[in-house]
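Worksheet: one structure, shown below.
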Amino acid sequence: MIQFGVDRQIQELTQRLPTIREQLKMYAARNGLGIAWEDPERGESITFSQQNKRKRQLTACLSSLPAQSVICLVLTRSKDFLPLLAACIQNNLVLAPIGEDARKIKEAIKILKPRLIISTSDLATSCIKQTNIDNYIELPSEYESTTMMHDDSEAHIKAIEENHDLSDATCLLIQTSGTTGQAKYVQLSERSLVSNAAALQVRYQCQTDDRIHCTLPWSHMNAIMMTGCLALLAGATVVYRNIVKEPDPISALHEVNPSISSLTPTLLSFILSKKKSTQNLKMMRFIFCGAAPLSSILWKKAENSLSCKIYQGYGLSETTCWIASTVPEEMPDYETVGKVLLGEIYIPKQNRICIITQTTELSDSNKSKLELGPIFYKGPLQFKGYRGKTQEPIRDGAYFDTGDIGYIDNNNNIRFVGRQKEIIIRSGINIVPEVVDSLLREHPEILACKTIGIQDDLLGERVVTTYISRNSAPLNEIDLRRFIRNRIQADYIPNSFIQLNSFPINETGKISTVELRKKINGDYARAALLAIDTNRFKRANCSDREKITAQFQSRILRDLPLHFLTYWGAGQRNEINENDVRAMQRIKEMLEVTCSQKPLMAEITLIFTDIHAKLNGKSANRVDLYFQRIEKLAAQHGFNCVRASDIWNKSGINPEDLLNGGTTLSLVELSDELGLGCMALEMLRKSAQRHVEIGDAADGLRNYLYICSIEKKLYADEFSESVFLTYNDPCLSTICPDLPKMYIYSFSKGMTAKPWFS
């Protein structure tokens, strides 16, 4: 068993902690006109005096709610967060900040059953209406009374504020999904919040003249701690600037001039990707980086490139925020998450799992200390349990299993290795993904990587390493295996390597292994096909399911929209009619259903068959006018359009030469070449009799089949990653492009007539 305690200074401070309410009152008295929070983009700010006044107002406003009632705050940014939190603590209420995401809002309403929802978001309003919540208010922008009835007299407020004790009751709920994907709500007390802030203050010595940059939403625990509780304890100013939407994030940071920033590894990578050669952040004292593991390569690169110190922290929502972090006075060790901050970390040895590093030969004297084990935590930062769970809350003095694995190195630093749930079991061998990833991150062509287990009937799990390359080009698997072979146990070498354009990221900035596994395993591709391969859209069963799924999967892995292709012809009309409109609408509905799952996108290209129309002797002016109007209609739905003649010309084929020269092949020869059966040929004969306006129908059919024999390959090459949608019967599939096909209804269910002929 390995345990580590806390610095004496931190321990002493946590024995005389001020409440959040006392801190608001103290800074209102000491520095009332000082700025506590500012949002330059919106032109909003709040002084310490206004912050305390706002706390008193909200305390009175919420005093009529029953104890432990839940209040949901659906706001990414708000100067009212700390006053609202203090008012909730004073009234023994529970604040639940929720991200501005429809799914999260609906989950929160369903699970938490809030007595009150505070928001200015249209999205929140929509979700509230759908769930029939009555108690909904908007935070007013100025400091007037809210629309709720309350008594804000001095006597009433004083009576409420008589209790100044640090509260151990639940005052905050943090939504987390962990690795399960299921929403859970972590219960935290004022004591745990202030204790964590105090420990951070001792270690990092934030000052009243500090400007702490905030870019994370209030639903993020790092925002609440670093730019909320810690900033208040230090009496610092918080300045909000959302750098994610900035084309030049470093310049944006210079505009708000912070001395400290709170970021995640994802945000650090984003800043570096946008950085210009001469830019830096040397005006800042340091950057806090948490919420996800910070790789040593990114850490060193960011410090060197930005000329700014970066301090990493480790913790979970269940441990309030950080329980271990970089110690500023020590030489940086970029492989660790630092030393314990407050409380105790306990790592029992697990002999069945052993780590072999590329730089350290384990001797008998240090091998025992470098063995992996599950990380347990005990201390004042421990949460109080999950809201709504039936099991007993966390007992005082009990260790909490973080679900992580790690070890203590020879300098007593904590080395985080990964999640216990992420351990891969292949052929009975336990494999820690981070061991693989830490090596591959040193590859000069790999920007980021993540190793996961994929279920396999033979092996139990396959080891699959996903990666993002620096130059967007796929890397050679043999070279990747060779890169790690001599630096890792043979049992750890992945079964396969898959290139991605991006990783699915959850709300805390971590890679979502649940979503990544779905992406890699083809779950999204299969779901997309299943959504449209229904009687609602199809006129016949799809015979290319495996090919379509593979086509979808190829594009999903590269974050590209699923692509469909279809023909749009011309008949006797130059005007669009209701059937054209309805057919377009059905295509739009089909695309929407295809990408109903959040990460998916879909698009379509319509090929205007002007060559077919000319072959059939149709009026060029009439056809051109019709296609112009159809193109405008398609643009309203975001569809792409291209004329067949343009594709031919692009490929160096002059359609006029083919149309004028015709073909010497007989109808039988062309039918055999295309693999057409008797029924298909008869259908085409009848179609030619109806639609060939000039010349002999039989000659028109021969030339049409000749054109189709060329188009099959031409369009398949041009749109090689597409799925072809056709209104034709399956027996005519061989005249369509050599692509996976789906047979669909036209402008209504059961209707197979082409809209341009109707």
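Using my numbering, the letters of the sequence shown map in sequence onto residues 265 to 1022. Note that CB positions come from ideal geometry on N, CA and C, so glycine has one too.
*asked:* Give me, in chain order, the residues of the same chain whose beta-carbon lies closer than 6 Å to that of R893; leave out the 5 immediate sequence neighbours on both sides.
replied: Against the sequence shown, residue 893 aligns to sequence position 629. Contacts found: I840.
Assign D665 to buried or exposed, taking buried as 16 or more other Cβ atoms, counted over all protein chains shown, within 10 Å of its Cβ. Taking the sequence shown and counting its residues from 1, one reaches residue 665 at position 401. It is exposed - the Cβ of D665 has fewer than 16 other Cβ atoms within 10 Å.
| query | Out of curiosity, what's the CA-to-CA distance linking N521 and R475? | reply | Residue 521 sits at position 257 when you count from the first residue of the sequence shown. Residue 475 sits at position 211 when you count from the first residue of the sequence shown. Taking the straight line joining both Cα atoms gives about 7 Å.
Report task. Determine contact between the segment 278-289 and the segment 308-320, defined as no fewer than three beta-carbon pairs at a distance below 8 Å. Result -> Touching, yes, given that three or more Cβ pairs across the two stretches are closer than 8 Å.
* **Option in G926, G916 and M865 with minimal Cα separation from F903** => Translated into the one-based positions of the sequence shown, residue 903 becomes position 639. Nearest option by C-alpha distance: M865.
Does Q878 come out as helix, strand or coil in the three-state DSSP assignment? Residue numbering aside, residue 878 sits at position 614 when the sequence shown is read from its first letter. A small correction: the amino acid at residue 878 is Lys; Gln does not occupy that position in the sequence shown. Here DSSP, grouped into helix, strand and coil, assigns K878 to helix.
Review point. Does the segment 476-483 come within contact of the segment 336-349, defined as at least 3 CB pairs closer than 8 Å?
Key: The way I'd put it, the segment 476-483 does touch the segment 336-349; three or more beta-carbon pairs between them come closer than 8 Å.
| Identity of the residue in Y788, D787 and R734 nearest N765 by Cα | Along the sequence shown, read from residue 1 onward, the residue named residue 765 stands at position 501. That would be R734, whose Cα lies nearest to the Cα of N765.
| query | On the three-state DSSP scale, how would you describe W586? | reply | As a first step, residue 586 must be located in the sequence shown, where it is residue number 322. If DSSP states are grouped into helix, strand and coil, W586 belongs with coil.
message: To the nearest angstrom, how far is the alpha carbon of P529 from that of E725?
response: Locating residue 529 in the sequence shown gives position 265, counting from the first residue. Locating residue 725 in the sequence shown gives position 461, counting from the first residue. When rounded, the distance between both Cα atoms is 28 Å.
Expressed to the nearest angstrom, what Euclidean distance is found between the alpha-carbon atoms of I382 and K368? What you label residue 382 is simply residue 118 of the sequence shown in a count that begins at 1. What you label residue 368 is simply residue 104 of the sequence shown in a count that begins at 1. The alpha-carbon of I382 is positioned some 15 Å away from that of K368.
Cβ pair count under 8 Å reaching 3, the segment 487-496 against the segment 453-460: Short answer: they touch.
Quiz item: Under a three-way DSSP split, which group does N506 fall into?
Solution: As a working mapping, residue 506 is identified with position 242 in the sequence shown. It is coil, neither helix nor strand.
E810, buried or exposed, once every other Cβ within 10 Å from all chains shown has been counted against 16
Locating residue 810 in the sequence shown gives position 546, where the first residue counts as 1. Under a 10 Å Cβ-count criterion, E810 is classified as exposed, with fewer than 16 other Cβ atoms of the shown protein chains found around its own Cβ.
* Span of the alpha helix (DSSP H) around T323 -> Residue mapping note: residue 323 aligns to position 59 of the sequence shown, counting from 1. Annotation for T323: the continuous alpha helix (DSSP H) segment containing it runs F312 to C325.
*For E286, three-class secondary structure by DSSP*: Start at 1 with the first residue of the sequence shown, and residue 286 comes out as number 22. Judged by DSSP in its simplified three-state form, E286 adopts helix.
Is it the case that the segment 900-916 contacts the segment 939-954, given that we only count it when at least three CB pairs across the two stretches are under 8 Å?
Cβ pair count under 8 Å is below three, so no.
**Prompt:** What is the DSSP secondary structure of S627, counted as helix, strand or coil?
**Reply:** On the sequence shown, position 363 is the one that residue 627 refers to. For S627, the pLDDT reaches just 36, beneath the cut-off of 50, and the residue's location in the model is therefore unreliable, although a value from the coordinates is still provided. For S627, the three-state secondary structure derived from DSSP is coil.
Is it buried or exposed, V696, if we count other Cβ atoms within 10 angstroms and call 16 or more buried? By one-based count along the sequence shown, residue 696 stands at place 432. That one is buried.
message = I'd like the list of long-range same chain contacts for C713, defined as Cβ closer than 7 Å, with 5 residues on each side in sequence excluded.
response = Indexing the sequence shown from 1 puts residue 713 at position 449. Correct list, in chain order: D701, L704, R705, T729, T730 and Y731.
**Message:** Assuming the contact rule is C-beta atoms closer than 8 Å, E975 and P994 should be a hit. Round their C-beta distance to whole Å, please.
**Reply:** Here residue 975 refers to the residue found at position 711 of the sequence shown. Here residue 994 refers to the residue found at position 730 of the sequence shown. Actually they are not in contact, since the Cβ atoms of E975 and P994 sit about 18 Å apart, beyond 8 Å.
Notebook entry, point to check: When DSSP builds the beta bridges, which residues end up paired with N904?
Noted result: Numbered from its first residue, the sequence shown carries residue 904 at position 640. According to DSSP, residue pairing for N904 in a beta bridge involves T869.
>> Please identify the residue among S581, Y575 and E593 whose C-alpha is closest to the C-alpha of E599.
In response: As a first step, residue 599 must be located in the sequence shown, where it is residue number 335. Looking at the Cα atoms, Y575 is the closest of the given residues.
Notebook entry, point to check: Is DSSP giving K343 helix, strand or coil here?
Noted result: Position 79 of the sequence shown, counted from the start, is the residue given in the question as residue 343. Here DSSP, grouped into helix, strand and coil, assigns K343 to coil.
Spatial neighbours of A944 within its chain, please: C-beta separation below 7 Å, excluding the five flanking residues on both sides. Stepping through the sequence shown from its first residue, residue 944 is reached at position 680. If we look at A944 and ignore the five residues flanking it on each side, its Cβ neighbours are C995 and L996.
Task: D673 to R679 span [Cα, whole Å] - done: The count along the sequence shown starts at 1 and reaches residue 673 at position 409. The count along the sequence shown starts at 1 and reaches residue 679 at position 415. Whole-angstrom Cα-Cα distance: 7 Å.
If you draw a straight line from the alpha carbon of N677 to that of K603, how long is it in whole angstroms? Here residue 677 refers to the residue found at position 413 when the sequence shown is read from its first residue. Here residue 603 refers to the residue found at position 339 when the sequence shown is read from its first residue. Taking the straight line joining both Cα atoms gives about 5 Å.
Q | Local conformation of D823 per DSSP, three classes | A | Within the sequence shown, the letter at position 559 stands for residue 823. DSSP places D823 in coil when its eight states are reduced to three.
*What's the gap between the Cα of R690 and the Cα of E698?*
Counted from its first residue, the sequence shown places residue 690 at position 426. Counted from its first residue, the sequence shown places residue 698 at position 434. About 15 Å.
* Apart from the five residues on each side of it in sequence, which residues of its chain come closer than 8 Å, Cβ to Cβ, to T927? -> Counted from its first residue, the sequence shown places residue 927 at position 663. Residues L934, R966, N967 and Y970 of the same chain have their beta carbon placed closer than 8 Å to that of T927, with the five preceding and five following residues left out of the count.
| What does a CB cutoff of less than 6 Å around T621 pick up in its chain, not counting 5 residues either side in sequence? | Here residue 621 corresponds to residue number 357 of the sequence shown, with the count starting at 1. The pLDDT assigned to T621 is 32, lower than 50, so where the model puts this residue is not dependable; a value taken from the coordinates is nonetheless given after this. Close CB contacts of T621 within its chain, under the 6 Å cut and outside five residues either way in sequence, are absent.
Worksheet entry | Status (buried if at least 16 other CB within 10 Å, exposed otherwise) for I820 | For the purposes of this step, residue 820 is identified with residue 556 of the sequence shown, where counting begins at 1. Burial check for I820: the Cβ neighbour count within 10 Å reaches 16 or more, so the residue is buried.
- Message: If I measure Cβ to Cβ from Y1009 and keep anything under 6 Å in the same chain, skipping five residues before and after, which residues do I get?
- Response: As a position in the sequence shown, residue 1009 is number 745, starting the count at 1. Within the same chain, Cβ atoms closer than 6 Å to the Cβ of Y1009 are found at R803 and M1015, the five residues on either side in sequence being excluded.
> How far does the beta strand (DSSP E) with L359 in it reach, from first residue to last?
Replying inline: Here residue 359 refers to the residue found at position 95 when the sequence shown is read from its first residue. Taken as a continuous stretch (DSSP letters only), the beta strand (DSSP E) holding L359 covers V358 to P361.
Return the CA-CA distance between A366 and Q953, expressed in angstroms with no decimal places.
Locating residue 366 in the sequence shown gives position 102, counting from the first residue. Locating residue 953 in the sequence shown gives position 689, counting from the first residue. The alpha-carbon of A366 is positioned some 55 Å away from that of Q953.
To the nearest angstrom, how far is the alpha carbon of Y919 from that of G925?
In the sequence shown, residue 919 corresponds to position 655, counting from 1. In the sequence shown, residue 925 corresponds to position 661, counting from 1. Correcting the residue identity first, residue 919 is Pro in this sequence and not Tyr. Approximately 10 Å between the Cα atoms of the pair.
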